[in-house]
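Residue numbers for the sequence shown, in UniProt numbering: 1 to 209. Backbone N, C-alpha and C define an ideal beta-carbon position, used for all residues, glycine too.
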Amino acid sequence: MSKENITTSDAEFIEKSPSVSNVLHSQSDSNLSQILSEIRDFPKKTYIQTQEISSKLDIVIMNLSRLNRFLLPNEKRIVRPTDLPSLPITTDEELNKFETFLSENDNITGTICYMSQIIGSKDNIKEATYKVLKKLISNTLASEFNLKGGGNPSKKCFEKLTLYEVVEGAILSKKPQAELIEIAAATSSWLKQAPWRRQDDGTMGKRTK
């Protein structure tokens, strides 16, 4: 018996019959609990479905990329990501904005692909690392960092930056045989030399001191 079909006489009967009333309330509570349970499960189910779709799209994109390289092996594909900040980065403010930009998966993927194009086929790991770093960050700003942070004088940690993931990704995409430890060593060396290279003000940094 649905609540919509209950007549006045039915209502009087229900009032005089607690067992019938309890059954109706029980059914109503059961339906409500089921609805609430489905509502609570909906975000979880949606998230799982979204993750499955995302995984399938990643596979499709990778396969298309491989097919493109096979069909057009000699074609250069230098596509600057939309809204990519001006490079090299020269200030902390620009670095913070760049880190925010790279927090989006599409942006970091596009930036890695873009930066990998400046690496030559004959470049060794050190040369490739130096090229990418030179393109990404100025010597003046790089002088504030070392790979691990700390030291004397104390410097900021470079390897914690998302920007460093771009360095690693760009090199690995062009040099799959590269070891992360090689990239780290080259990065550390480049950062140490930054104060002695030409600075943003045109001077030669510590070379003039």
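Would residue 236 and I118 qualify as a contact pair, given that the criterion is a beta-carbon distance under 8 Å? Look at the range of the chain in this structure, 1 to 209, and you will see that residue 236 is not part of it.
Run through DSSP, which three-state label would I118 get? In the sequence shown, counting from the first residue as 1, residue 118 sits at position 118. In the structure shown, I118 sits in coil (DSSP, three-state: anything other than H, G, I, E or B).
Neighbourhood of S2 by C-beta, 8 Å cutoff - its chain only, sequence neighbours within 5 removed: Here residue 2 refers to the residue found at position 2 of the sequence shown. Because S2 sits at a pLDDT of 46, beneath the cut-off of 50, its placement in the model cannot be relied upon, and the following sentence gives the value as read from the coordinates. Once the five neighbours on either side are set aside, S2 has no close Cβ partner at all.
Please classify residue 227: does DSSP put it in a helix, a strand, or coil? Absent from the model: residue 227. The displayed extent of the chain is 1 to 209, so no value can be given.
My output table needs one value for Q193: the three-state DSSP class, helix, strand or coil. Position 193 of the sequence shown holds residue 193. Look at Q193 here: in three-state DSSP terms it is helix.
Check N124 in the structure and name its three-state DSSP category. Sequence index remark: in the sequence shown, residue 124 carries index 124 (1-based). Looking at N124 - three-state DSSP - the assignment turns out to be coil, as it is neither helix nor strand.
Could you tell me which of L163, T129, P88, S189 sits nearest to T140, measuring between CA atoms? For this step, residue 140 is matched to residue 140 along the sequence shown. Closest in alpha carbon position to T140, among L163, T129, P88, S189, is P88.
Identify whether G169 lies in helix, strand or coil by the three-state DSSP scheme. Within the sequence shown, numbered from 1, the residue matching residue 169 stands at position 169. In this structure, DSSP gives G169 a helical state, which the three-state scheme calls helix.
Does DSSP put N96 in a helix, a strand or coil? Position 96 of the sequence shown holds residue 96. Here N96 sits in helix by DSSP.
So, for N5: in the same chain, excluding its five sequence neighbours on each side, which residues have a beta-carbon less than 6 Å away from its beta-carbon? Working through the sequence shown from its first residue, we reach residue 5 at position 5. With a pLDDT of 49 at N5, under the threshold of 50, the modelled position of this residue cannot be trusted; read the value that follows with caution. Nothing listed; no residue qualifies.
What is the DSSP secondary structure of G202, counted as helix, strand or coil? For the purposes of this step, residue 202 is identified with residue 202 of the sequence shown, where counting begins at 1. In the structure shown, G202 sits in coil (DSSP, three-state: anything other than H, G, I, E or B).
Spatial neighbours of T91 within its chain, please: CB distance less than 7 Å, with the 5 preceding and 5 following residues excluded, ordered by chain position. To locate residue 91, count along the sequence shown from 1; it is residue 91. Hits under 7 Å: L141.
Based on Cα-Cα distance, which residue from E127, K155, V166 lies nearest to D106? Walking along the sequence shown from the start, residue 106 turns up at place 106. For the set E127, K155, V166, the Cα lying nearest the Cα of D106 is the one of V166.
Need the endpoints of the alpha helix (DSSP H) that N152 sits in, please. Taking the sequence shown and counting its residues from 1, one reaches residue 152 at position 152. Per DSSP, N152 lies in no alpha helix (DSSP H) segment and is marked neither H nor E.
Using a Cβ-Cβ cut-off of 7 Å (strictly less than) and excluding sequence neighbours within five positions of K135, which residues of its own chain qualify? Walking along the sequence shown from the start, residue 135 turns up at place 135. L87, P88, M115, I118, listed in sequence order.
Could you compute how far the alpha carbon of L191 sits from the alpha carbon of I53? Within the sequence shown, the letter at position 191 stands for residue 191. Within the sequence shown, the letter at position 53 stands for residue 53. Their backbone Cα atoms lie some 41 Å apart in a straight line.
For Q193 and E179, what's the separation of their Cα atoms in angstroms? In the sequence shown, counting from the first residue as 1, residue 193 sits at position 193. In the sequence shown, counting from the first residue as 1, residue 179 sits at position 179. Going by C-alpha positions, Q193 is about 22 Å away from E179.
Comparing alpha-carbon positions, which option in L161, S138, R80 lies nearest E99? Looking up residue 99 in the sequence shown gives position 99. Ranking the options by Cα distance to E99, first place goes to L161.
Could you tell me the distance, in whole angstroms, from the CA atom of I108 to the CA atom of Y164? Residue 108 sits at position 108 when you count from the first residue of the sequence shown. Residue 164 sits at position 164 when you count from the first residue of the sequence shown. Spanning the two alpha carbons is a distance of roughly 11 Å.
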